[in-house]
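This report refers to the structure that appears directly beneath it.
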Amino acid sequence: MAIKLSEEEFKTLKGQGFIPQRGKEYFICRVITKDGNLNSEEMSVVSKISKKYGRGYSSFTTRLTVEIPWIKYEDIEKVKNELEEVGLYSGGTGNRVRPIVACKGTVCTYGLVDTQKLAREVHKRFYEGFYDVSLPHKFKIGIGGCPNNCIKPELNDLGIVGQKKPKVIHENCVGCKVCSVENVCRFNACKVEDGKIKIDFNKCTNCGLCIDKCHFKGVQLDKEGVKVFLGGKWGKNPRVGEVFSDIISIEEAMEITEKFINYYKENGNPKERFGSLIDRVGLNNIKKEI
Numbered sequence: 070m071a072i073k074l075s076e077e078e079f080k081t082l083k084g085q086g087f088i089p090q091r092g093k094e095y096f097i098c099r100v101i102t103k104d105g106n107l108n109s110e111e112m113s114v115v116s117k118i119s120k121k122y123g124r125g126y127s128s129f130t131t132r133l134t135v136e137i138p139w140i141k142y143e144d145i146e147k148v149k150n151e152l153e154e155v156g157l158y159s160g161g162t163g164n165r166v167r168p169i170v171a172c173k174g175t176v177c178t179y180g181l182v183d184t185q186k187l188a189r190e191v192h193k194r195f196y197e198g199f200y201d202v203s204l205p206h207k208f209k210i211g212i213g214g215c216p217n218n219c220i221k222p223e224l225n226d227l228g229i230v231g232q233k234k235p236k237v238i239h240e241n242c243v244g245c246k247v248c249s250v251e252n253v254c255r256f257n258a259c260k261v262e263d264g265k266i267k268i269d270f271n272k273c274t275n276c277g278l279c280i281d282k283c284h285f286k287g288v289q290l291d292k293e294g295v296k297v298f299l300g301g302k303w304g305k306n307p308r309v310g311e312v313f314s315d316i317i318s319i320e321e322a323m324e325i326t327e328k329f330i331n332y333y334k335e336n337g338n339p340k341e342r343f344g345s346l347i348d349r350v351g352l353n354n355i356k357k358e359i
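Taken in order, the sequence shown gives residues 70 to 359; the numbers are from my numbering.
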């Protein structure tokens, strides 16, 4: 039987991370993670809460937050208090910067940046720092450690992807019959032609796998950092994010993120996603303004 709350009261609870379930008799508690991880103490508390106030289970969202379903209205404050004892809290809804999602690039063999450290920095600056900033719609940020794009950064309002761009040192290349650089490239971007290795940068994804594979140092690191994608979204009307620029530093990416969030806040129409704003105004025009 649905509990008797006004729509405004339901809206307030949802804004606090307690989402009404079907039938509006129970709530899903969405627990925020800063980088997609929970330590053992936090996991223990989530487990205890799910047993004590729910039905003994929890699940992860696509943004790597944790949801505990079957919470009764009268238990909401108790759940909040028990989460706060280990520094956890609920949230992650509404027209604001949403919880940051990052891949496992910190420990993954393909990771080019420390994604989880970066996620914690982005969480502090933009999720916590902009928590009271009302936006036209939700704003999602995804951080990928490499161009494998496991967490689909290009389908976030703003995506950050680790990059390592190679360069050929022509005088070092001896034209090996079996080229280790050519063999490691998954995109056929590296090819030996006329006895020398060449890189087709129209095919190269800056995954960095070819760097230092040559025994004679024929291919080395040219530039490393991140690539930023803007205006992506998933759902009923998917939109792949547009590339903001060539490789930039993490520090530059953080500054750009703040500028675009502020631009979105000031110029987006109500219920308009960031990608739709880009379609309406044009990315080049937005770049000029910021």
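Just so you know, even glycine gets a beta-carbon here, dropped at the ideal spot from N, CA and C.
All values derive from a computational prediction rather than experimental measurement.
For residue i, I'd like the list of residues in its chain whose CB is within less than 7 Å of its CB, leaving aside the five on either flank, ordered along the chain.
{"i": "V148", "result": "C98, I118, Y122, I140"}
{"i": "Y126", "result": "S119"}
{"i": "V253", "result": "L278, C279, K282"}
{"i": "V312", "result": "K296, F298"}
{"i": "T274", "result": "P216, F256"}
Closest Cβ-Cβ distance between residue i and chain B: below 8 Å?
{"i": "N108", "result": "Among the chains of the structure shown, chain B does not appear; only one protein chain is present."}
Nearest to residue i by CA position, among the options, is which residue?
{"i": "Y179", "options": "C215, E77, V312", "result": "C215"}
{"i": "G310", "options": "E94, E111, F343", "result": "F343"}
{"i": "F298", "options": "R308, D291, L290", "result": "R308"}
{"i": "I411", "options": "V261, F87, G163", "result": "Because the chain in this structure spans residues 70 to 359, residue 411 falls outside the shown range and cannot be described."}
{"i": "E154", "options": "F129, G174, M112", "result": "M112"}
{"i": "I229", "options": "C245, A258, I268, K296", "result": "K296"}
{"i": "L107", "options": "V135, P89, E94, R91", "result": "V135"}
Could you check the C-alpha separation between residue i and residue j for me, to the nearest Å?
{"i": "E320", "j": "Q185", "result": "15 Å"}
{"i": "E197", "j": "G304", "result": "25 Å"}
{"i": "G82", "j": "V182", "result": "Sequence inspection shows Leu at residue 82; the Gly mentioned does not correspond to that position. The straight-line gap from Cα to Cα measures roughly 37 Å."}
{"i": "G287", "j": "K272", "result": "19 Å"}
{"i": "E110", "j": "L152", "result": "11 Å"}
{"i": "Q289", "j": "K233", "result": "10 Å"}
{"i": "E143", "j": "L346", "result": "41 Å"}
{"i": "R124", "j": "P235", "result": "52 Å"}
{"i": "K265", "j": "F285", "result": "12 Å"}
{"i": "G174", "j": "N217", "result": "10 Å"}
{"i": "F256", "j": "R349", "result": "34 Å"}
{"i": "K115", "j": "C276", "result": "Before going further, note that residue 115 is Val rather than Lys in the sequence given. Using only the alpha carbons, I get a separation of about 37 Å."}
{"i": "K267", "j": "A188", "result": "35 Å"}
Can you give me the Cβ contacts of residue i inside the same chain, cut-off strictly under 6 Å, excluding the 5 residues immediately before and after it?
{"i": "E281", "result": "Per the sequence shown, residue 281 should be read as Asp rather than Glu. Excluding residues within five positions, none has a Cβ falling inside 6 Å."}
{"i": "L224", "result": "G301, W303"}
{"i": "G105", "result": "L133, A171"}
Might you give, ordered along the chain, the residues of its own chain that have their beta carbon closer than 8 Å to the beta carbon of residue i, omitting 5 neighbours on each side?
{"i": "L204", "result": "N164, R165, V166, I330, Y333, K334, G337"}
{"i": "K340", "result": "P205, H206"}
Tell me, please, whether the region 209-218 touches the region 161-173 by the rule of three or more beta-carbon pairs shorter than 8 Å.
yes
For the structure I just gave you, are there three or more beta carbon pairs, one from the region 328-348 and one from the region 180-194, closer than 8 Å?
no
Can you list, in chain order, the stretches of the beta strand (DSSP E) that have 3 or more residues and sit fully within the region 317-350?
Listed in chain order, there is nothing to give.
Quick check: the region 150-158 against the region 94-113, are there 3 or more CB pairs under 8 Å?
yes
Within the region 119-152, ranges of the beta strand (DSSP E) (whole runs, at least 3 residues):
Within the region 119-152, the complete beta strand (DSSP E) runs of at least 3 residues are 135-140.
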